[in-house]
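Data block below; observations after.
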Amino acid sequence: MRSLVPLVPALALLTTAFGFGGLWSGASASGALGSLLVWLVLAALGAAHWRDPLRLGARYSAPVALAAAWLPWLVLTISWAVSLVPRAGEWAVLVGPLVILAPAGVVRCWPDEGARRLGLVAVAAVLGLVASWGLLAAFDVVCCAAEDELRVALPLGHHNLQALWLLGVLPIACSLLRDRGWTGWLAGSAVSLAVVAVLLTRSLAGGLGLMVLLIGSWVTLRPRGEDRSADTSEGRFGSRELTLLGVGVLVLAALLPRIVSIATGRDASFGARWDYLQAAIAGLAERPLLGAGPGGSSWLAGQYLDVVSPALVADQVVTDFHSLPLDLSFETGILGLVAMVLLVVFLLWKDGGWARFLLSPLLAASLVAGWFDIAGLYVALTVGVGAVLAERDDEWTPATRWALTPWVALVVVVVAPKLSAHALFDRAVRLAGDPSVSPSQIAQERVRLLEQAQELDPYMPLYRLHLALLEPEPRAAAEHALSGAKAAHGLSSLWLVAGTKLHAAARKTESKAALKQACSLDPRDPFAPLALARQQFPRVVDVNSMSRALLADPRVMTADRLDFQWEMVTAAVHRLENEETIPLGWRASLVSAWRSLDRREVAAGERGRLILELDSSTETSLSLYAFKRRPWRTTVASVDLAAFPALESMPSAFDVADLSRLIDEPCALSAPPRRVDGVPGAR
131 MRSLVPLVPA LALLTTAFGF GGLWSGASAS GALGSLLVWL VLAALGAAHW RDPLRLGARY
191 SAPVALAAAW LPWLVLTISW AVSLVPRAGE WAVLVGPLVI LAPAGVVRCW PDEGARRLGL
251 VAVAAVLGLV ASWGLLAAFD VVCCAAEDEL RVALPLGHHN LQALWLLGVL PIACSLLRDR
311 GWTGWLAGSA VSLAVVAVLL TRSLAGGLGL MVLLIGSWVT LRPRGEDRSA DTSEGRFGSR
371 ELTLLGVGVL VLAALLPRIV SIATGRDASF GARWDYLQAA IAGLAERPLL GAGPGGSSWL
431 AGQYLDVVSP ALVADQVVTD FHSLPLDLSF ETGILGLVAM VLLVVFLLWK DGGWARFLLS
491 PLLAASLVAG WFDIAGLYVA LTVGVGAVLA ERDDEWTPAT RWALTPWVAL VVVVVAPKLS
551 AHALFDRAVR LAGDPSVSPS QIAQERVRLL EQAQELDPYM PLYRLHLALL EPEPRAAAEH
611 ALSGAKAAHG LSSLWLVAGT KLHAAARKTE SKAALKQACS LDPRDPFAPL ALARQQFPRV
671 VDVNSMSRAL LADPRVMTAD RLDFQWEMVT AAVHRLENEE TIPLGWRASL VSAWRSLDRR
731 EVAAGERGRL ILELDSSTET SLSLYAFKRR PWRTTVASVD LAAFPALESM PSAFDVADLS
791 RLIDEPCALS APPRRVDGVP GAR
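Below, the structure written as structure tokens:
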């Protein structure tokens with residue numbers, strides 16, 4: 131059994147990549163439990179070194195070594211204590227100490243050169259397996275590709291996440307490239323496959339990381355002294371230099387189209403990152419020292435992100451700022467960012483080029499990519515740091531071996547009910563229609579499971595959202611919906627549900643406030659302003675709300691109860707006709723459609739429904755990205771429509787112009803995609 135200990139880091143990489151730590155696998159209760167067990171095993175192995183988990187004692191004094199390792203977690207905990215959304219950061223605070231101790235656990239697995247070599251070979255094998263699986267999946271060989279286009283995204287579940295994981299592990303395998311025999315061939319094959327896989331992720335972060343890796347390879351792995359003279363001839367490049375040059379040319383060729391699109395301003399992804407930067411700065415300005423709290427970007431980014439910007443895609447769920455420094459600044463403030471930078475400086479400053487070579491690609495890629503809330507990526511980073519520490523030969527005195535026991539007990543006590551609630555939610559998601567069971571009975575069973583989950587984990591907004599959608603009693607549904615919206619704070623869909631459920635429960639003042647919040651958070655959504663306008667009519671003709679609904683989706687002009695709201699539609703069209711901020715062509719199309727609208731023909735014609743759904747696709751799954759839960763496809767809102775050809779091909783005004791000046795309050799994110807059933811030619 132002891133001979134298998136050097137394989138533990140590779141097994142941790144393998145299990146988190148394929149089983150517990152991916153975007154999809156980590157969203158299940160079993161995935162969350164599996165990743166927690168991985169952290170517990172690695173932390174238990176390194177717990178004896180809790181006073182100096184990063185092996186800094188020989189380079190710095192004992193207090194400095196202790197502070198450098200634990201200061202980031204201390205700042206994280208203080209930020210969580212004053213967080214706007216404490217439920218979002220509970221997992222990070224609880225697992226944080228385990229993550230800090232995990233690199234020391236990797237070192238304990240590799241106590242001597244033989245064990246370290248065996249561990250590195252196993253890591254290289256896992257790298258080759260993950261890269262191969264991603265390439266085969268992209269070509270539909272082993273399973274269906276994650277996306278329609280050729281882009282490596284499996285097994286981690288997303289192309290950016292896949293690229294970051296490969297960049298975290300790839301440099302470790304590079305240390306074996308000088309080996310002769312089968313280990314060198316294994317490492318070379320794994321590295322080659324990983325480079326190709328990173329390129330085929332088509333990730334900007336992946337390309338940046340590869341370029342840094344090549345530069346580091348040139349400096350760190352090139353032969354020196356006699357070895358170099360044996361590999362070169364009369365000053366010419368040696369085989370290693372030629373290989374690196376060839377790979378560099380390949381990387382540049384693969385990245386050239388992306389570089390050109392960025393340089394010419396046609397790259398939508400790069401343009402969106404500018405909006406993410408502005409949003410993160412705006413959030414940091416409100417809470418500069420300690421930020422919004424760990425995990426806050428998943429639920430709060432929408433209050434600062436200008437989704438009216440043409441650079442951002444409608445209906446896209448945004449739960450990070452696509453940059454680790456921005457995410458850290460927003461969530462933990464300036465103190466958290468400074469603590470993390472100091473940790474990196476202490477780790478690399480007095481070390482050799484090997485440490486910088488291992489960690490620099492991932493650090494560079496993190497400048498334009500987030501995703502550090504996924505267990506698989508943290509494990510890859512942990513093994514990389516452990517590989518750096520295992521190279522050191524200085525004295526490393528252990529402390530008390532059982533120091534971690536009280537914290538493990540606390541984690542078990544706090545996490546157990548939440549994992550149980552997570553498992554109940556998974557059961558509710560999997561509950562399929564049985565021909566022998568009526569839909570009402572299925573709904574009742576789901577309500578029962580969600581009520582149990584909510585009792586075990588009362589501050590998880592997603593459980594309350596689904597309870598509100600399934601609960602038949604209006605007052606109970608309204609209470610669940612409002613509690614969920616307040617807990618999540620910045621997710622427009624939850625405020626929309628809260629507004630509709632509060633109105634059904636005759637809590638009209640609160641309903642109006644909730645719908646206004648939904649309008650503020652997502653100007654592109656027509657459902658909230660339409661509901662707001664209808665609820666006030668005929669007492670108030672709310673031209674502003676009706677205009678907002680038409681800007682978001684002109685098809686609501688033919689919504690049900692047409693005669694009832696005709697006065698509002700007429701006033702809204704007249705207002706938009708004179709709004710110079712909107713392109714003249716769009717205004718002319720709207721007025722033409724309105725003038726050609728025959729109410730009798732529309733009322734007697736074919737009808738369909740405009741539907742707002744949660745989790746209708748992987749790319750727009752609110753459950754998956756914001757809450758790390760399995761997608762549950764369900765209808766949030768719907769409106770009856772009439773088939774009217776003049777409106778079917780007319781885009782949203784937000785798709786053709788920057789309408790930020792028309793929006794009075796901060797804009798935001800996460801509107802699930804809309805679809806239409808039963809209307810010919812609907813988009």
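Numbering follows the working numbering, with no gaps: position 154 of the sequence shown is 284. All C-beta atoms, glycine included, are put in the ideal place defined by N, C-alpha and C.
Counting C-beta neighbours from all protein chains within 10 Å, is the total for residue i 16 or more, i.e. buried, or is it exposed?
i: residue 769; result: buried
i: residue 234; result: buried
i: residue 650; result: buried
i: residue 251; result: buried
i: residue 269; result: exposed
i: residue 139; result: buried
i: residue 568; result: exposed
i: residue 230; result: buried
i: residue 389; result: exposed
i: residue 449; result: buried
i: residue 182; result: buried
i: residue 570; result: exposed
i: residue 333; result: buried
i: residue 308; result: exposed
i: residue 653; result: buried
i: residue 395; result: exposed
i: residue 136; result: buried
i: residue 147; result: buried
i: residue 838; result: Outside the displayed span of the chain (131 to 813) sits residue 838, for which this structure offers no information.
i: residue 289; result: buried
i: residue 816; result: Lying before the first or after the last residue shown, residue 816 is absent from the chain, which here runs from 131 to 813.
i: residue 143; result: buried
i: residue 602; result: exposed
i: residue 514; result: buried
i: residue 850; result: The first residue shown for the chain is 131 and the last is 813, placing residue 850 beyond what the model contains.
Do residue j and residue i count as a contact pair if the criterion is CB distance below 8 angstroms?
i: residue 222; j: residue 424; result: yes
i: residue 687; j: residue 699; result: yes
i: residue 789; j: residue 720; result: no
i: residue 152; j: residue 287; result: yes
i: residue 324; j: residue 296; result: yes
i: residue 740; j: residue 683; result: yes
i: residue 753; j: residue 592; result: yes
i: residue 168; j: residue 145; result: yes
i: residue 526; j: residue 187; result: yes
i: residue 467; j: residue 458; result: yes
i: residue 285; j: residue 260; result: yes
i: residue 197; j: residue 184; result: no
i: residue 150; j: residue 517; result: no
i: residue 727; j: residue 717; result: no
i: residue 618; j: residue 632; result: no
i: residue 218; j: residue 501; result: no
i: residue 657; j: residue 742; result: yes
i: residue 432; j: residue 262; result: no
i: residue 689; j: residue 659; result: no
i: residue 736; j: residue 776; result: no
I believe residue i touches residue j by the beta-carbon criterion, under 8 angstroms. Please report the beta-carbon distance rounded to the nearest angstrom.
i: residue 646; j: residue 662; result: 7 angstroms
i: residue 255; j: residue 531; result: About 31 angstroms; that fails the 8 angstroms criterion.
i: residue 607; j: residue 615; result: Going by Cβ atoms, the distance from residue 607 to residue 615 rounds to 12 angstroms, so no, they are not a contact pair.
i: residue 762; j: residue 745; result: 6 angstroms
i: residue 547; j: residue 586; result: 4 angstroms
i: residue 157; j: residue 557; result: Going by Cβ atoms, the distance from residue 157 to residue 557 rounds to 14 angstroms, so no, they are not a contact pair.
i: residue 537; j: residue 227; result: 6 angstroms
i: residue 215; j: residue 426; result: 6 angstroms
i: residue 435; j: residue 409; result: 4 angstroms
i: residue 283; j: residue 331; result: 7 angstroms
i: residue 540; j: residue 576; result: So it is not a contact: roughly 32 angstroms between Cβ atoms.
i: residue 246; j: residue 520; result: 5 angstroms
i: residue 712; j: residue 787; result: 6 angstroms
Return yes when the C-beta of residue i is under 7 angstroms from any heavy atom of the ligand HEM, and no when it is not.
i: residue 596; result: In the structure on display, the ligand HEM does not appear, and there are no ligands present to speak of.
Mind the definition here: the segment 184 to 197 touches the segment 155 to 170 only if three or more C-beta pairs lie below 8 angstroms; say whether that holds.
Too few Cβ pairs lie closer than 8 angstroms, so no.
Hey, is the segment 200 to 215 in contact with the segment 451 to 464, meaning 3+ C-beta pairs nearer than 8 angstroms?
Yes: at least three Cβ pairs fall under 8 angstroms.
I'd like the ranges of any alpha helix (DSSP H) spanning at least 4 consecutive residues and lying wholly in the segment 657 to 733.
Scanning the segment 657 to 733 for uninterrupted alpha helix (DSSP H) segments of 4 residues or longer gives 657 to 666, 673 to 682, 692 to 707, 714 to 725, listed from N- to C-terminal end.
Specify whether the segment 334 to 342 and the segment 376 to 391 touch according to this definition: at least 3 beta carbon pairs, one from each stretch, less than 8 angstroms apart.
They touch, by the three-pair rule.
Whole beta strand (DSSP E) runs in the segment 139 to 210 with 3 or more residues, listed along the chain?
Taking only runs of at least 3 residues, no beta strand (DSSP E) segment lies wholly in the segment 139 to 210.
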